[in-house]
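Each step along the sequence shown adds one to the number in the UniProt record's numbering, with nothing skipped, and position 140 is 140. Beta carbons are placed, not taken as given, at the ideal position from N, Cα and C, and that holds for glycine.
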Amino acid sequence: MLHKVLAPAEVRLDARLWRRLCGAVEALVRSRQVVLMELARQYPGAARVAAPLKALDRLLSNRRLQQARGVLYGAALQRLWPRCRTVIVVDWCVLKADESLHLLRAALPVGGRALPVWDEVHAQSQLGQAAVHTAFLAQLRRLVPVDS
Numbered sequence: 001m002l003h004k005v006l007a008p009a010e011v012r013l014d015a016r017l018w019r020r021l022c023g024a025v026e027a028l029v030r031s032r033q034v035v036l037m038e039l040a041r042q043y044p045g046a047a048r049v050a051a052p053l054k055a056l057d058r059l060l061s062n063r064r065l066q067q068a069r070g071v072l073y074g075a076a077l078q079r080l081w082p083r084c085r086t087v088i089v090v091d092w093c094v095l096k097a098d099e100s101l102h103l104l105r106a107a108l109p110v111g112g113r114a115l116p117v118w119d120e121v122h123a124q125s126q127l128g129q130a131a132v133h134t135a136f137l138a139q140l141r142r143l144v145p146v147d148s
């Protein structure tokens, strides 16, 4: 699935990191839930849970992947944009039950679903601040295809 939308050369990830990312996406599709243990159970070729769990943990904390996040989102958006309405929905949501962290997300509404375009995590103190909104929209503008 990921190979159809993105190519490793486009996002400049090394082959090992790309394979881990594709494995994580495949596990997510199989498990249909974002629970780390379930993802580890569904990880391709996993005979036991320990190795995939460690691989997923390292993938989630990988700095190169975090740095490439904007490129990944941008490349996916380039592929999806022509097939989607050009409406982007932006919304805040609570990320932690104690409301200490909030997610600011931009998404494309497609077929009754919202495909994430960009997201950022912010502290409660930054919720609704104009400076956060301005920076978020500037980053979003960098991701949106130029001809739109």
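Span of the beta strand (DSSP E), counted from its first residue to its last, around residue i
| i | result |
| --- | --- |
| A106 | 101-110 |
Beta-bridge pairing of residue i - partner residues as DSSP gives them
| i | result |
| --- | --- |
| A76 | A76 is not bridged to any residue. |
| W92 | L104 |
Cβ-Cβ distance between residue i and residue j below 9 Å
| i | j | result |
| --- | --- | --- |
| L101 | V117 | no |
| L108 | L143 | no |
| D119 | R105 | yes |
| L36 | D14 | no |
| L39 | A27 | yes |
| residue 154 | L59 | For the chain, the structure presents residues 1 to 148; residue 154 sits outside this window and is missing. |
| Q124 | E99 | yes |
| G70 | W92 | no |
First through last residue of the alpha helix (DSSP H) which encompasses residue i
| i | result |
| --- | --- |
| P116 | That residue, P116, is in no alpha helix (DSSP H); its beta strand (DSSP E) goes 113-123. |
| T134 | 130-143 |
| D57 | 50-60 |
| Q67 | 63-67 |
Buried or exposed by the 16-neighbour rule on C-beta atoms within 10 Å, applied to residue i
| i | result |
| --- | --- |
| P145 | exposed |
| G45 | exposed |
| G112 | exposed |
| Q42 | buried |
(message) As an exercise, report each continuous alpha helix (DSSP H) stretch of at least 4 residues that is fully enclosed by the region 10-39, in chain order.
(response) 15-31
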